[in-house]
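Colleague: Sending over a structure as C-alpha cells; questions will come in a sec.
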Amino acid sequence: MGRLPKFTVADIKGVQGYPPTPAKEGADDPRARDTVDLDETERMIRQLIADGVDSIATNGTLGEMATLTLDEWKAFAATAWETARSIDPDYPLFVGATTLNTRDTLDRMRFLHDLGVPGVLLGRPMWSEMTVQGMVRFYRDVAETFPNMNIIVYDNTAAFRGVIPTAAYAALAEIPQIIAVKYAGGAAIGFRYHHDLQAVRGKIRLMLIETIWFMAYSLYPEESPACWSSTVACGPWPVLYLRDSIQAGRLEEARWVSERILWAHEPFLVSQDFTEFARYNTPLEKMRFNEAGYIKAGPSRPPYTFDIVPEKYVEGVREHVRRWKQVIEEVRQRTAARAAS
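Numbering (the working numbering), first residue to last: -16 to 324.
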C-alpha cells in the first residue's frame, strides 16, 4: 500500500450502510464463543453491494463492537473485507476499530492494515469524557501511525458522552486521513450543524442519518451528498430511492420518500426518546433487522440481550417494520411506473 489513503472526501457520496454483525443461535449466552455467523456475513455484504449501497461501515454500536471478543471481531472483519474485495477491490468498506484506549485501537488498526482494509470507522475512547485537546490528539496519533488508512469518525452522543465540539471539528479537518463523520444520531438541522460545516470547510463530509438527509440537502446541497443509514439493513430500497431522486434532481420525489421514511420511523423508539433508545439500541436494532428479514441478524450478544427490552418497545419495532415494508412496496410501484412511462 502507498503512503496516502485510498479515498478522499469526494468519494463519500450516496448511502453509507451500517449493517449488524450476524450472530449464530446461542450468541446471547454469556458463555458462548465463536458467535459470528460468517456465512450470513458474506451473504449480507454481497447483498448490500448488489442492491446498490455505495459504501459500508461496520462495528459501531449496532454492529456490537462492544460485545465481540477479539477473535470474533477479527473473523468478522476478515470475512467482510474479503467479500467486498472479491466484488470490487476499490469498494469503500470501513471496519470499526473503536476501543477504550489508543494502544488497543492501534493494534486493531494494524490487523486491518495488514489485511489491506482501506479505512476504519473510529470512535474516541469513552471511559472518561474527552476534552477537545484529547480528541484531537487521539485522532492525530492513530492517523500518524497509519498514514495510508482512511478514517471515518464515529460520533454517538450517548456512547461518547456528548457531541464533538465545533473547535474539535476545525482541528480534525487538518488531519487528511479523516474524510467523513457519522454525524451524531438524529441531531436536528440547526446552528450546531451549520457551525460544524463551516469549521470543516469542505474537508470532511458530515453525514446525517437518512431520515433528515433531505432536510440537510435542501439547505446545504454542496455539503450534503451523502447520508448514513442503519435502516438499509431492513431493506435498502427506500433509502436508495431517496439517493437516486436527489442525484437526479427529482426533489419532489425526494421530499415524498423522505416523508414516508419519517412516517415509517414514527413508532420506533429512536424517533420518540433518544435517551431512552440509547439504553436499548443494540437489541432494538437487531430485533428490527430480524423482523424485516433482509438480513438474518441473529441474537443480540450479552449484556445487551433481547430480554431486557420492554414489550412496548418491541411492539414499536414491529409496527416500524410493518410500515417500512409498506414504504418498500410504494417505492417499487413508483419505480415501475417511472420505468413504464
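Note that the Cβ used here is the ideal one computed from N, Cα and C, for glycine as well.
If you draw a straight line from the alpha carbon of E206 to that of R305, how long is it in whole angstroms?
Modeller: Sequence index remark: in the sequence shown, residue 206 carries index 223 (1-based). Sequence index remark: in the sequence shown, residue 305 carries index 322 (1-based). Roughly 33 angstroms between the two C-alpha positions.
Colleague: Could you check which residue in P282, R271 and Y296 has the C-alpha nearest to that of D256?
Modeller: On the sequence shown, position 273 is the one that residue 256 refers to. Considering only alpha carbons, the answer is Y296.
Colleague: Whole angstroms are fine: how far does the CA of V36 sit from the CA of P266?
Modeller: Stepping through the sequence shown from its first residue, residue 266 is reached at position 283. Stepping through the sequence shown from its first residue, residue 36 is reached at position 53. So the alpha carbons of these two residues sit roughly 24 angstroms apart.
Colleague: Mind checking W64: buried by the 16 CB within 10 Å criterion, or exposed?
Modeller: What you label residue 64 is simply residue 81 of the sequence shown in a count that begins at 1. With 16 or more Cβ atoms within 10 Å of its Cβ, W64 is classed as buried.
Colleague: Answer with buried or exposed for L(-13), where buried requires no fewer than 16 other C-beta atoms within 10 angstroms of its C-beta.
Modeller: Position 4 of the sequence shown, counted from the start, is the residue given in the question as residue -13. With fewer than 16 Cβ atoms within 10 Å of its Cβ, L(-13) is classed as exposed.
Colleague: Return the CA-CA distance between L21 and P2, expressed in angstroms with no decimal places.
Modeller: Looking up residue 21 in the sequence shown gives position 38. Looking up residue 2 in the sequence shown gives position 19. Using only the alpha carbons, I get a separation of about 14 angstroms.
Colleague: Starting from V(-2), follow the beta strand (DSSP E) in both directions and report where the run begins and ends.
Modeller: Reading the sequence shown from its first residue, position 15 is the one you call residue -2. V(-2) -> beta strand (DSSP E) spans G(-3) to G0.
Colleague: Would you mind listing the alpha helix (DSSP H) stretches within the region 159 to 211 that are 4+ residues and don't spill past its ends, in chain order?
Modeller: The region 159 to 211 contains these whole alpha helix (DSSP H) runs: 174 to 183 and 196 to 202.
Colleague: Can you grab the Cα-Cα spacing for the pair T114 / V103, in whole Å?
Modeller: One-based indexing of the sequence shown puts residue 114 at position 131. One-based indexing of the sequence shown puts residue 103 at position 120. Approximately 22 angstroms between the Cα atoms of the pair.
Colleague: Output needed for Y166: all residues of its chain with C-beta closer than 7 angstroms, excluding positions within five of it in sequence on either side, in chain order.
Modeller: Indexing the sequence shown from 1 puts residue 166 at position 183. So the qualifying residues of the chain are D138, L189, M190 and L191.
Colleague: Starting from V136, trace the beta strand (DSSP E) both ways and give me its first and last residue.
Modeller: As a working mapping, residue 136 is identified with position 153 in the sequence shown. V136 -> beta strand (DSSP E) spans N133 to Y137.
Colleague: Using a Cβ-Cβ cutoff of less than 7 angstroms, which residues in the same chain neighbour R144 once the five nearest sequence positions on both sides are dropped?
Modeller: Here residue 144 refers to the residue found at position 161 of the sequence shown. Counting only Cβ-Cβ distances below 7 angstroms, and skipping sequence neighbours, we find M109 and E112.
Colleague: Using CA atoms only, rank isn't needed, just tell me which of A40, E47, R16 and T(-9) is closest to P5.
Modeller: Against the sequence shown, residue 5 aligns to sequence position 22. Of the listed residues, the one whose Cα sits closest to P5 is E47.
Colleague: Where does the unbroken beta strand (DSSP E) through G79 begin, and where does it stop?
Modeller: Your numbering for residue 79 matches position 96 in the sequence shown. Segment L76 to G79, the beta strand (DSSP E) holding G79.
Colleague: Around the C-beta of S324, are 16 or more other C-beta atoms found within 10 angstroms, so that it is buried, or is it exposed?
Modeller: Along the sequence shown, read from residue 1 onward, the residue named residue 324 stands at position 341. When all chains shown are included, S324 counts as exposed.
Colleague: Where does V240 sit, in a helix, a strand or coil, going by DSSP?
Modeller: Stepping through the sequence shown from its first residue, residue 240 is reached at position 257. Reduced to three states, the DSSP call for V240 is helix.
Colleague: Looking only at its own chain, which residues have a Cβ that is under 7 angstroms from the Cβ of Y287, when we skip the five neighbours before and after it?
Modeller: Along the sequence shown, read from residue 1 onward, the residue named residue 287 stands at position 304. These residues qualify, in order along the chain: T50, T265 and P266.
Colleague: If you check the beta carbons only, do T82 and I28 fall under 7 angstroms apart?
Modeller: As a working note, residue 82 is residue 99 in the sequence shown. As a working note, residue 28 is residue 45 in the sequence shown. For T82 and I28, no; Cβs fall outside 7 angstroms.
Colleague: Just to confirm, are Q(-1) and W196 a CB contact at a threshold of 7 angstroms?
Modeller: Locating residue -1 in the sequence shown gives position 16, counting from the first residue. Locating residue 196 in the sequence shown gives position 213, counting from the first residue. Result no, Cβ atoms of Q(-1) and W196 do not sit closer than 7 angstroms.
Colleague: Is the number of C-beta pairs between the region 71 to 91 and the region 171 to 183 that are closer than 8 angstroms three or more?
Modeller: No, because fewer than three Cβ pairs between the region 71 to 91 and the region 171 to 183 fall closer than 8 angstroms, the two stretches do not touch.
Colleague: Does the pairing of the region 259 to 278 with the region 236 to 247 give three or more beta-carbon distances under 8 angstroms?
Modeller: Short answer: they don't touch.
Colleague: Would you call the region 220 to 238 and the region 277 to 287 in contact, with 3 or more CB pairs under 8 angstroms?
Modeller: Too few Cβ pairs lie closer than 8 angstroms, so no.
Colleague: Considering only residues of the same chain and omitting the five flanking positions on each side of G299, which have a CB-CB separation below 7 angstroms?
Modeller: Translated into positions along the sequence shown, residue 299 becomes position 316. P250, F251 and L252.
Colleague: Among D(-6), Q116 and M270, whose alpha-carbon lies nearest the alpha-carbon of D290?
Modeller: On the sequence shown, residue 290 is found 307 positions in, with the first residue counted as 1. That would be M270, whose Cα lies nearest to the Cα of D290.
Colleague: Measuring straight from C-alpha to C-alpha, what distance separates V146 and G(-3)?
Modeller: For the purposes of this step, residue 146 is taken as residue 163 along the sequence shown, with counting starting at 1. For the purposes of this step, residue -3 is taken as residue 14 along the sequence shown, with counting starting at 1. Cα to Cα, the separation comes out at about 24 angstroms.
Colleague: Determine the direct distance from the alpha carbon of P13 to that of I229, and round the result to whole angstroms.
Modeller: Working through the sequence shown from its first residue, we reach residue 229 at position 246. Working through the sequence shown from its first residue, we reach residue 13 at position 30. If I take the Cα positions, the gap works out to 45 angstroms.
Colleague: Rank R26, R16, F(-10) and T(-9) by C-alpha distance to the C-alpha of A216 and give the top, closest one.
Modeller: Residue 216 sits at position 233 when you count from the first residue of the sequence shown. Closest by alpha carbon: R26.
Colleague: Using three-state DSSP, classify S38 as helix, strand or coil.
Modeller: For the purposes of this step, residue 38 is taken as the residue at position 55 of the sequence shown. S38: strand per DSSP, three-state reduction.
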